[in-house]
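Data block below; observations after.
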Amino acid sequence: MSSLILAAPFDGWLSPLDDVPDPVFAQRLLGDGMAIDPLDGTLHAPADGTVVSVHAARHAITLRLAGGVEVLMHIGLETVRLNGEGFVAHVEAGDTVAAGDRLISVDLGTVAPRVKGMITPIVITETAGHAVIERAAPGRIARGAPLLVLGSAQAESAAPAAAFAATAQATLRLPLAHGLHARPAARLAELAKSYDADVRIVPAATPNATPCRLRSPSAVMALGLRHGDALTLLASGPAAAAVIEALADLIATGMGELRPLGQSAPAPAQAVAESTDTSPIAPGERLMAVTAAAGYAIGQAAWLERPEPPRTARASGDAGAEIARFTQALAAFRAALEQRAQEQAGSEQAAILTAHRHLLDDEDILESVGDAMARGDSASLAWQRTMQARAATLRAAPDPHIAQRADDFIDLEWQLQWHLAGQEPPAVSLPEAAIVIARDLVPSQVAVLSPAQVAGLVTAQGGPTSHVAIIAASKGIPALVAAGPRVLSIAPGTPLLLDATGATLTVDPDAATWATAQAEAARRQARKAAAQAASGLEGRTSDGLRIEVCANLGKRSEAAPAVANGAEGCGLLRTEFLFLDRASAPDEDEQTADYTAIAQALNGRPLIIRLLDIGGDKPAPYLPMAAEENPALGLRGIRVGLAQREMLVPQLRAVLRAGAGAEAGAVKVMAPMIARVEELRAVRAALDAEAAKLGVATVPLGVMVETPAAAVMADALAAECDFLSIGTNDLTQYALAMDRGNPAVAGSIDGLDPAVLRLIGLCCEGAQSHGKWVGVCGGLASDPLAVPILIGLGVTELSAAPAMVPEIKALVRALSAQDCRGLASAVLQASSAAQVRVLATQMIERVTQ
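When the letters of the sequence shown are read in order and numbered with this note's numbering, they come out as residues 1174 to 2022.
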């Protein structure tokens, strides 16, 4: 192996990486090298090579040199925040360059005053069997002077690995709303591992880039692929064609984050520039931050540190012993994550824990750690360097949603170090009503916090789409992030007023402000506690009108918690969640088992199973459907079932079998997107026919009113069905001709528009003419302002989000049916949703004082 000489890419002052004020570079987590504080504004190629990548912010570039060596040059520290301002790239990925060629120009006058420093690390990120055998002395260095000399690190393998040669491939676009972040990347890796094939992925925009292994979620995440981006899957091996097909099918499902390619992706969360203001905080000052989890809280400041686990910097001298120690700790950590995921089954936390569990099987990570231990690193140091390097790569991603997943790698590094040390992290001790202050947190720290003790969270750093934010929201803990370094000067015990909904933190408020905040917090807490305490009471107005308050469910794990929250049944079981996130449809037996388990969890309470509502914005890869210009007005809902009887019949049979095993009449079935009486008749005929074949009694059949046609024809439908349930979300978009997936008009959609309310009134009148009851299972059932209006219009069943059930039931008990009818009469004469909201607010304030 011949030596390789790298020349200085800048004219400036040379220093060792140890002097770089960033641990990622100083600890050589990305590799060995040197650093230059530049005196000129043009970065040049240090040797002949090929451009692997130019970062979107144009502050960093990676070159592949002779023999496969890769070198990263990162201009300045924290320059990624400038989003390219002051930088000009002269090359792009795939270009061939010669030593001395211009790569990037930087306006030092614009950039230097706005960043932490201009020192530029030059790091060997891929050694390809080389090592630094000579380096220039620190001090002044001229551009083009020898900087590093690389030579053979060890004898080359006598049997080099065979080059990857794809025998099957597919190019597709990503329908994932948030791109390929941790959870979908982990699921793809898991699927790829189940086939006898080597699978690689490469962005279609850079087809000449080196494909990364799909079995490495960390490498896949680092690609930064976003919604709508095209990618190419390549595979070799006996099952190459099969794995490509299976992966393409799984990607097409959206993996729980489907956003059809025809829809615009939501604007990515803006990168939050960390404030550099460190001025003292005056009493009563209100700090602005970014909302991570909405809510309102008062309490006292409490610091939450992340205790550092013991780390062994030196190896035992026996690489085999280090590998065995690492393997044992990794197995224990895997088991712990699996147990925690099972305990949190069905929750957001479980999904995050599962993604973390798959990252522990990341082949690239494990190989990197194994190689480091084989070279003499301790297990602790090898794991730290590998995970922090992965975190640094993600943190530099231009998409904030991807960048915020760097915390997951920091969290996993931290947790495994405790297992390597054979210890547990110290127990968290916080005062009552603590508003936690921290520089930043990792998901596992937030997961163990109790909402009963922690009133809120505030971090100086972090982002609104991080897993920390998701867990805080799932626990109901108000949280602010990116509050800046000034919050770190808040002393423990300082009174704080946190309005996460308004994105503000008031520090040490005056007596009047504090008293008002206490009264507001007490009022909210008392109302919430009273509603929860009385959640077991039946829904009934103050003058005796029975109103059932049920919960909308999507899967069996949600049933028992909903009942514990006071739900009087399930007014809408969204069966599409059983169908969508998979490559093939569930069979009759699987559906029967799922519906039966939910019915049992409800313990005799009503269960309304909505037939598959698929199509439109919810396609399934195993159900071929031609492209439609306007899917919302095309083949969706019951139209799909009637056109695809092989999907409808097994589901009807599963519902009937579940109904046969439950209390009489407890299980009901509901047909979605009905617009005509003949559609209802077709479903009725199919249901009765399958009941006869099974030899069981049929179940009550209802109609989901989601179209203006169904609302207007409610009397005719009520003559032939057993109940009607209004899906207000779709009814609103169809009535107002506003697509709720179109950002240009979605903000104007309001279910309390008088036009929508008049349709609901028509539906109730039509149902009452045949003695049939009407429920609401759409978003309005969870809106307290809508509840008295719906009752006044004639609705007698409300199916809300499970978390809202106690509050909705408490409100129902505070209302009188007579007052509700008066309000309904008034709002039907209103000319706008704003007027409706004013009238409803006035009434609710009167009855809840």
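From the three backbone atoms N, C-alpha and C, an ideal C-beta is built for every residue, glycine too.
Query raised in the report: Just curious, the alpha helix (DSSP H) that Thr1283 is in, first and last residue?
Result: The count along the sequence shown starts at 1 and reaches residue 1283 at position 110. In this chain, the alpha helix (DSSP H) harbouring Thr1283 covers 1281-1284.
Query raised in the report: Can you tell me whether DSSP reads Leu1996 as helix, strand or coil?
Result: For this step, residue 1996 is matched to residue 823 along the sequence shown. DSSP places Leu1996 in helix when its eight states are reduced to three.
Query - Same chain, Cβ closer than 8 Å to Ala1338, neighbours up to 5 away in sequence not counted - result: Counted from its first residue, the sequence shown places residue 1338 at position 165. If we look at Ala1338 and ignore the five residues flanking it on each side, its Cβ neighbours are Ser1409.
Requested in this report: Give the C-beta separation of Leu1988 and Ala2013 to the nearest angstrom, bearing in mind that I take them to be a contact with Cβ-Cβ under 8 Å.
Outcome: Here residue 1988 refers to the residue found at position 815 of the sequence shown. Here residue 2013 refers to the residue found at position 840 of the sequence shown. Not really, about 11 Å apart at Cβ, beyond 8 Å.
Requested in this report: Taking the CB atoms as reference points, tell me whether Ile1454 and Leu1670 lie closer together than 9 Å.
Outcome: Residue numbering aside, residue 1454 sits at position 281 when the sequence shown is read from its first letter. Residue numbering aside, residue 1670 sits at position 497 when the sequence shown is read from its first letter. Here Ile1454 is not near Leu1670, since their CB atoms are 9 Å or more apart.
Query raised in the report: Where Gly1742 and Arg1719 are concerned, what is the direct C-alpha to C-alpha distance, given to the nearest angstrom?
Result: On the sequence shown, position 569 is the one that residue 1742 refers to. On the sequence shown, position 546 is the one that residue 1719 refers to. Approximately 14 Å, taken between the alpha carbons.
**Report entry** DSSP three-state assignment for Ser1553, whether helix, strand or coil
**Finding:** In the sequence shown, residue 1553 corresponds to position 380, counting from 1. Ser1553 falls in the helix class under three-state DSSP.
Report task. For the alpha helix (DSSP H) holding Asn1738, just list the boundary residues, first then last. Result -> Reading the sequence shown from its first residue, position 565 is the one you call residue 1738. Unbroken run through Asn1738: none, as it is neither H nor E.
Query - Residues sharing a beta bridge with Pro1294, DSSP - result: As a first step, residue 1294 is located in the sequence shown; it is residue number 121 there, counting from the start. Within the DSSP secondary-structure output, Pro1294 pairs in a beta bridge with Ala1208.
Report task. Assuming Leu1396 contacts Pro1376 (C-beta within less than 8 Å), just tell me the rounded distance between them. Result -> Counted from its first residue, the sequence shown places residue 1396 at position 223. Counted from its first residue, the sequence shown places residue 1376 at position 203. 6 Å between Cβ atoms; contact.
Requested in this report: At 4 residues or longer, and completely inside the stretch 1923-1987: list those alpha helix (DSSP H) runs for me, N to C.
Outcome: Scanning the stretch 1923-1987 from its first residue to its last, the whole alpha helix (DSSP H) runs of 4-plus residues come out as 1927-1941, 1960-1966, 1978-1987.
Requested in this report: Return helix, strand or coil for Ala1444, following the three-state DSSP convention.
Outcome: Position 271 of the sequence shown, counted from the start, is the residue given in the question as residue 1444. Confidence at Ala1444 is low in this model, with a pLDDT of 39, below 50, so the placement of that residue should be treated as unreliable; the coordinate-derived value is given next. Looking at Ala1444 - three-state DSSP - the assignment turns out to be coil, as it is neither helix nor strand.
Report task. Compute the distance between the beta-carbons of Ala1547 and Ala1502, then report whether it is under 9 Å. Result -> Looking up residue 1547 in the sequence shown gives position 374. Looking up residue 1502 in the sequence shown gives position 329. Taking C-beta atoms as the reference points, Ala1547 and Ala1502 fail to come closer than 9 Å.
Report task. Count the other C-beta atoms from every protein chain shown that fall within 10 angstroms of the C-beta of Gln1557, then say buried if there are 16 or more, exposed otherwise. Result -> Within the sequence shown, numbered from 1, the residue matching residue 1557 stands at position 384. By the neighbour-count rule (16 or more Cβ atoms within 10 Å), Gln1557 is buried.
Query raised in the report: Considering only residues of the stretch 1679-1737, which uninterrupted alpha helix (DSSP H) runs meet the minimum length of 4 residues and lie entirely inside it, listed in chain order?
Result: Qualifying alpha helix (DSSP H) stretches, in chain order: 1684-1706, 1732-1737.
Report task. Just mark Gln2002 as buried or exposed, buried being the case when its beta carbon has 16 or more other beta carbons within 10 Å. Result -> The sequence position of residue 2002 within the sequence shown is 829, counting from 1. Within a 10 Å sphere around the beta-carbon of Gln2002 sit fewer than 16 other beta-carbons, which makes this residue exposed.
Requested in this report: Give the range of the beta strand (DSSP E) segment to which Pro1319 is assigned.
Outcome: Taking the first residue of the sequence shown as position 1, residue 1319 is located at position 146. Counting along the chain, the beta strand (DSSP E) containing Pro1319 begins and ends at 1319-1325.
Query raised in the report: Below 8 Å, can you find three or more Cβ-Cβ pairs linking the stretch 1842-1850 to the stretch 1891-1903?
Result: The stretch 1842-1850 vs the stretch 1891-1903: in contact.
Query - Option nearest Val1227 by Cα separation, candidates Ala1199, Glu1258, Leu1276 - result: As a first step, residue 1227 must be located in the sequence shown, where it is residue number 54. Among Ala1199, Glu1258, Leu1276, the Cα nearest to that of Val1227 belongs to Leu1276.
Query raised in the report: Buried or exposed: Ala1917, going by 16 or more other Cβ atoms within 10 Å of its Cβ?
Result: In the sequence shown, residue 1917 corresponds to position 744, counting from 1. With a pLDDT of 42 at Ala1917, under the threshold of 50, the modelled position of that residue is not reliable, and no figure is offered here.
Report task. Please work out which residues of its chain come closer than 6 Å, Cβ to Cβ, to Arg1826, disregarding the five sequence neighbours upstream and downstream, and give them in chain order. Result -> In the sequence shown, the residue the question calls residue 1826 occupies position 653. Shown here for Arg1826: same chain residues with a beta carbon closer than 6 Å to its own, the five before and five after excluded, namely Glu1761, Glu1863 in chain order.
Query raised in the report: Taking the continuous beta strand (DSSP E) assigned at His1400, which residues delimit it?
Result: Within the sequence shown, the letter at position 227 stands for residue 1400. Element bounds for His1400: n/a, residue is neither H nor E.
Report task. Sort Ile1297, Asp1213, Leu1630, Leu1710 by Cα distance to Thr1672 and report the nearest one. Result -> To locate residue 1672, count along the sequence shown from 1; it is residue 499. It should be noted that the sequence gives Asp, not Thr, for residue 1672. Residue nearest to Asp1672 within the set Ile1297, Asp1213, Leu1630, Leu1710 is Leu1630 (criterion: CA-CA distance).
Query raised in the report: Can you tell which of Ala1285, Trp1476, Ala1466, Ala1685 has its C-alpha closest to the C-alpha of Pro1604?
Result: Sequence index remark: in the sequence shown, residue 1604 carries index 431 (1-based). Measuring C-alpha to C-alpha distances from Pro1604 to each of Ala1285, Trp1476, Ala1466, Ala1685 identifies Trp1476 as the nearest.
**Report entry** Run of the alpha helix (DSSP H) containing Arg1507, from where it starts to where it stops
**Finding:** Indexing the sequence shown from 1 puts residue 1507 at position 334. Counting along the chain, the alpha helix (DSSP H) containing Arg1507 begins and ends at 1492-1516.
Report task. Compute the distance between the beta-carbons of Leu1361 and Ile1424, then report whether it is under 9 Å. Result -> Mapped onto the sequence shown, residue 1361 falls at position 188. Mapped onto the sequence shown, residue 1424 falls at position 251. Cβ atoms of Leu1361 and Ile1424: closer than 9 Å.
Requested in this report: Go ahead and pull the three-state DSSP assignment for Glu1299.
Outcome: Numbered from 1 along the sequence shown, position 126 holds the residue referred to as residue 1299. Residue state, collapsed to three classes: strand.
Report task. Work out the CA separation of Ile1610 and Ala1652 for me, nearest whole Å. Result -> Locating residue 1652 in the sequence shown gives position 479, counting from the first residue. Locating residue 1610 in the sequence shown gives position 437, counting from the first residue. Their Cα atoms are separated by approximately 10 Å.
Requested in this report: Would you be able to state if there are at least three C-beta pairs under 8 Å between the stretch 1922-1930 and the stretch 1852-1872?
Outcome: At 8 Å Cβ cutoff, the stretches do not touch.
Query raised in the report: Is the shortest distance between the beta-carbon of Asp1672 and the beta-carbons of chain D less than 9 Å?
Result: In the structure shown, chain D cannot be found, because there is only a single protein chain.
Report task. For Asp1534, collect the residues of the same chain with a Cβ closer than 6 Å to its Cβ; drop the 5 residues on either side in sequence, then sort them by chain order. Result -> For the purposes of this step, residue 1534 is taken as the residue at position 361 of the sequence shown. Contacts found: none.
Query - Coil, strand or helix - Pro1189 by DSSP - result: In the sequence shown, counting from the first residue as 1, residue 1189 sits at position 16. In this structure, DSSP gives Pro1189 an extended state, which the three-state scheme calls strand.
Requested in this report: Rank Ile1234, Glu1536, Asn1256 by C-alpha distance to the C-alpha of Val1296 and give the top, closest one.
Outcome: Along the sequence shown, one-based indexing puts residue 1296 at 123. If we check each option's Cα against that of Val1296, Ile1234 comes out closest.
Query - In DSSP terms, what Trp1476 is bridged to - result: For the purposes of this step, residue 1476 is identified with residue 303 of the sequence shown, where counting begins at 1. Beta-bridge pairing links Trp1476 to Ile1610.
Query raised in the report: Does the distance from the CB of Thr1667 to the CB of Asp1683 come in under 9 Å?
Result: As a first step, residue 1667 is located in the sequence shown; it is residue number 494 there, counting from the start. As a first step, residue 1683 is located in the sequence shown; it is residue number 510 there, counting from the start. Taking 9 Å as the Cβ cut-off, Thr1667 and Asp1683 do not qualify as a contacting pair.
Query - Residues bridged to Gly1410 (per DSSP) - result: Numbered from its first residue, the sequence shown carries residue 1410 at position 237. Per DSSP, Gly1410 has no beta bridge partner at all.
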